[in-house]
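Engineer: According to the numbering used here, the stretch in the sequence shown is residues 1121 to 1249, in order.
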Amino acid sequence: MTEKEALLWVLGILGSLCAAAITIDKVLDIIHKYIKKAQAPDDAQNKRMDTLEKRLGVLEQGQLQHAQALARDLRRFDGLDEEMRLVLVGVQNLLDSQLSGNNREGMQKSKSDINNYLLKGVTNHGSNV
């Protein structure tokens, strides 16, 4: 083998290696594009899911606040029921006293109940019970 043939042989091998490297690069580029294109719907879905989870978190927080407000209002209504009961018992005793003239014990008990309720209200002043 002559020097010229050896040089041509080495250049042929180098050219083949370069062609192989370019071919492998193009194949990897095509595979990368395919994977990226295949993941695009998943990425869009993940983005939508993240958005929905954020919105759900906001809704859950709002629902929790509303539930707390309703519970507070229910406690307040329960307190109003007790107040209304005391007022009605007092009015009933006043009517009994006016009609019969001898309901002194009922009037004293109503007065005591109302005073106890008012004193209890003074000690609970400012509480959200």
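Note that beta-carbon positions come from the ideal geometry of N, C-alpha and C, so glycine has one too. If you're wondering where the values come from, they're calculated on a predicted model, not measured in any experiment.
Would you say Gly1210 and Ser1230 are within 7 Å of each other, going by their C-beta atoms?
Structural biologist: Yes.
Engineer: Would you say Met1121 reaches chain C, if we count a Cβ-Cβ gap shorter than 7 Å as a contact?
Structural biologist: Looking at the structure shown, chain C is missing, and only one protein chain is on hand.
Engineer: If you check the beta carbons only, do Asn1213 and Asn1222 fall under 7 Å apart?
Structural biologist: Cβ distance not < 7 Å, so Asn1213 and Asn1222 don't count as in contact.
Engineer: Whole angstroms is fine: what's the gap from Glu1125's alpha carbon to Ile1133's?
Structural biologist: Spanning the two alpha carbons is a distance of roughly 12 Å.
Engineer: Roughly how many angstroms lie between the CA atoms of Arg1205 and Ile1234, to the nearest whole one?
Structural biologist: When rounded, the distance between both Cα atoms is 10 Å.
Engineer: I'd like to know whether the C-beta atoms of Ser1217 and Met1227 end up nearer to each other than 7 Å.
Structural biologist: Closer than 7 Å, so yes.
Engineer: Taking the alpha-carbon positions, what's the Lys1167 to Cys1138 distance?
Structural biologist: Cα to Cα, Lys1167 sits roughly 42 Å from Cys1138.
Engineer: Just verifying my parser: in three-state terms, what is the DSSP assignment at Thr1171?
Structural biologist: Correct three-state label for Thr1171: helix.
Engineer: Go ahead and pull the three-state DSSP assignment for Met1227.
Structural biologist: Reduced to three states, the DSSP call for Met1227 is helix.
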